[in-house]
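In the UniProt record's numbering, the protein residues as written are 1 to 109. Glycine residues also receive a C-beta, built at the ideal position from the N, C-alpha and C atoms.
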């Protein structure tokens with residue numbers, strides 16, 4: 001005879017799913033510390049945020065007819081170079097992970 005009240009129930013409540021906007025905000029807002037290591041996706045996101053903020057500032061200055069666009073253009077160019085460098089570093093890190101994975105698979109075979 002089985003008693004339903006004495007039987008343990010394993011009803012685990014799953015956390016609510018995270019949508020892409022929440023994940024994006026978490027990546028963009030995470031600043032400083034070890035999470036911004038060279039070639040990390042977090043650092044790429046931080047560099048992109050810096051670049052996009054400069055571009056938005058430049059567009060606002062153009063609409064308000066403020067001068068000194070050459071200094072802002074230089075800042076944008078520098079931020080673009082940093083972003084491109086970080087994306088290349090991230091690409092290298094991902095390639096390195098693939099190589100390590102392939103080497104581990106070869107050792108197991």
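Sequence-distant residues of its chain with Cβ nearer than 8 angstroms to residue i (five each side left out)
i	result
residue 37	43
residue 72	54, 57, 58, 61
Proximity test, Cβ basis, 7 angstroms: residue i and chain E
i	result
residue 79	Here there is only one protein chain, and chain E is not present.
7 angstroms CB neighbourhood of residue i in its chain, flanking five on each side removed
i	result
residue 87	44
residue 104	none
residue 52	none
The alpha helix (DSSP H) enclosing residue i, as first and last residue numbers
i	result
residue 42	41–63
residue 94	69–108
Alpha-carbon spacing of residue i relative to residue j, whole angstroms
i	j	result
residue 95	residue 75	30 angstroms
residue 15	residue 40	26 angstroms
residue 26	residue 89	21 angstroms
Neighbourhood of residue i by C-beta, 6 angstroms cutoff - its chain only, sequence neighbours within 5 removed
i	result
residue 47	82, 83, 86
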